[in-house]
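> Below are the structure tokens for one structure; questions will follow.
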Amino acid sequence: MTRAFVFPGQGSQAVGMGRELAEAFEVARHTFEEVDDALNQRLSRLMVEGPEADLTLTENAQPALMAVSVAVMRVLQSEGGVDLAKHAAFVAGHSLGEYSALCAAGAFTLADTARLLKLRGQAMQKAVPVGKGAMAALLGAELEQAQAIAADSVDSALGEVCSVANDNSVGQVVISGSAEAIDRAIALAAERGLKRSVRLPVSAPFHCALMQPAADAMAEALASVTIAAPVVPVVANVTASAVSDPNAIRRLLVDQVTGMVRWRECVLAMKEQGVSTLVEVGSGKVLAGLTKRIDKELSATSVGTPADVESFLKTL
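For what it's worth, our numbering labels the leading residue of the sequence shown as 7, then goes sequentially.
The structure is reproduced here in structure tokens:
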């Protein structure tokens, strides 16, 4: 069995996440305290108590999800001797999860990762005025079909933007861009026979050209952060290929802000390199669910609670 460890993105957050881990494992509690100290914010309290509206804010959800993922990883290391260099061929993460993956693999310190994600969330929110951008899931769409719908929905005279933001799995493609273009795309998808398209409850149009101000902010922030070579290669969102060079990682993280998350291709690329099992580390089970839709030959498991930790360690 060849494993890859994968790390979830925004949307997997939930009030109460991390509570059981912190109660059961001192190393998890210390991880959350370290993130709180780095941000000068009681993020761990917000994770456990809410309110949900505050946790869902991009600037909070991003570092919070990373904190849970890294806490789980540290628990696996301390309780079961899990060593990525020995137990994994690759790491990968969905959007912000790429930062979690890089932190878990030793490319970033935890404090730097928390601060980068806080900034990333704030910069993404500021990039586009509320209401001017939107995202929608085109359910049942193939990638090429979604790309055509996005292109045909844009009024270029108005300088609108609409493009594919996430290629999550067969039949689940997300588009992002100007609000009016997204509405047109939803109508166009229905005309072209897609079973369902729905606007997503997000506060900004992630992973499209409207995010360029956020990409510029991340380029500046990443330029001053030390990046070490990860202990195992990371499969990058925007290229769906493995990378270990710190300068390439820095460049790809900037490109990722405006670029498409090629998650389906990332998973298939890992399979082509011999991976048979994906281990989702952190909150929720979104990536494990997508894995089964991407390739039924792959197995996937989610590790986010003390019970999950116990059952996963028995498989080693």
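Ideal placement from N, C-alpha and C gives every residue a C-beta, glycine not left out. Values in this document were obtained by computation on a predicted structure and should not be read as measured data.
(1) If alanine 196 sits next to isoleucine 181, beta carbons under 8 Å apart, how far is it from one beta carbon to the other, in whole angstroms?
(2) Using CA atoms only, rank isn't needed, just tell me which of Val249, Val240, Leu259, Leu82 is closest to leucine 122.
(3) Would the stretch 260–276 and the stretch 41–57 be scored as touching if the rule is three or more Cβ pairs under 8 Å?
(4) Since glutamine 178 sits in a beta bridge, which residues does DSSP pair it with?
(5) Going by DSSP, what residue range makes up the beta strand (DSSP E) through threonine 307?
(6) Going by DSSP, name the residue or residues bridged to alanine 140.
(7) Less than 6 Å between C-beta atoms, sequence neighbours within five positions excluded: which residues of the same chain meet that for arginine 35?
(8) Need the endpoints of the beta strand (DSSP E) that valine 12 sits in, please.
(9) How about phenylalanine 11 and alanine 77: do their beta carbons lie closer than 9 Å?
(10) Pick from Glu65, Ala246, Asn253, Lys132: whose alpha carbon is nearest that of aspartate 222?
(11) By how many angstroms is the C-alpha of lysine 320 removed from the C-alpha of methionine 217?
(12) CB-CB under 8 Å to leucine 194, same chain, minus the five flanking residues each way: which ones, in chain order?
(13) Please look up how many angstroms separate the CB atoms of leucine 145 and alanine 152, rounded, as I've assumed it's under 8 Å.
(14) Tell me whether the beta-carbon of proline 219 lies closer than 9 Å to the beta-carbon of methionine 141.
(15) DSSP on arginine 202, reduced to helix/strand/coil?
(16) With alanine 248 and valine 240 assumed to form a contact (beta carbons below 8 Å), what rounded beta-carbon distance in angstroms separates them?
(17) Give the single residue among Asn46, Val97, Val281, Phe96 whose Cα lies nearest to the Cα of glutamate 303.
(18) For proline 57, count neighbouring C-beta atoms within 10 Å of its own C-beta (all shown protein chains included) and say buried if the count is 16 or more, exposed if not.
(19) Under the rule that 16 or more other beta-carbon atoms within 10 Å means buried, what is glycine 288, buried or exposed?
(20) Strictly by DSSP, which residues pair up with phenylalanine 96?
(21) Does the distance from the C-beta atom of alanine 111 to that of valine 88 stay below 9 Å?
(22) Would you grab the beta carbon distance between histidine 213 and methionine 276 for me? Rounded to a whole angstrom, and I think it's under 8 Å.
(23) What is the DSSP secondary structure of serine 317, reduced to helix, strand or coil?
(24) If contacts are defined as beta-carbon pairs under 8 Å, then glycine 1 and proline 69 qualify, I think. What distance do you get, rounded to the angstrom?
(25) With DSSP as the reference, label alanine 111 as helix, strand or coil.
(26) Going straight from the alpha carbon of alanine 73 to that of valine 134, what length do you get?
(27) My output table needs one value for glutamate 278: the three-state DSSP class, helix, strand or coil.
(28) To which residues does DSSP link cysteine 168 through a beta bridge?
(29) Nearest-angstrom Cα distance between alanine 113 and leucine 228?
(30) Quickly, what does DSSP pair glutamate 286 with across the bridge? List them, please.
(31) Distance check for asparagine 46 and leucine 116, CA to CA, integer angstroms please.
(32) Starting from the N-terminal side, write out each stretch of the beta strand (DSSP E) that is 3 residues or longer and does not extend beyond the stretch 184–271.
With the structure as the only source:
(1) Actually they are not in contact, since the Cβ atoms of alanine 196 and isoleucine 181 sit about 14 Å apart, beyond 8 Å.
(2) Leu259
(3) Pairwise C-beta distances place the stretch 260–276 out of contact with the stretch 41–57, as fewer than three of them are shorter than 8 Å.
(4) Leu145, Ser175
(5) 305–309
(6) Gly183
(7) In chain order, Ala28 place their CB closer than 6 Å to the CB of arginine 35, counting only its own chain and leaving out the 5 sequence neighbours on each side.
(8) 9–13
(9) no
(10) Lys132
(11) Answer to the nearest angstrom: the Cα atoms are 43 Å apart.
(12) Ile155, Asp158, Ser159
(13) Rounded, the Cβ-Cβ distance is 10 Å, inconsistent with contact.
(14) Taking C-beta atoms as the reference points, proline 219 and methionine 141 fail to come closer than 9 Å.
(15) strand
(16) 7 Å
(17) Ranking Asn46, Val97, Val281, Phe96 by CA distance to the CA of glutamate 303 puts Val281 first.
(18) exposed
(19) Buried: at least 16 other Cβ atoms inside 10 Å.
(20) Ala10
(21) no
(22) Actually they do not touch by this definition, with Cβ atoms about 21 Å apart.
(23) helix
(24) Past the boundaries of the shown model lies residue 1; the chain is included only from 7 to 322, so the question cannot be answered.
(25) DSSP, reduced to helix, strand and coil, places alanine 111 outside both helices and strands of the structure shown, so it counts as coil.
(26) The C-alpha of alanine 73 lies about 26 Å from the C-alpha of valine 134.
(27) helix
(28) Gly183
(29) 12 Å
(30) Val12, Ser308
(31) A straight line joining the alpha-carbon of leucine 116 with that of asparagine 46 spans about 14 Å.
(32) Complete beta strand (DSSP E) runs here, min 3: 202–205.
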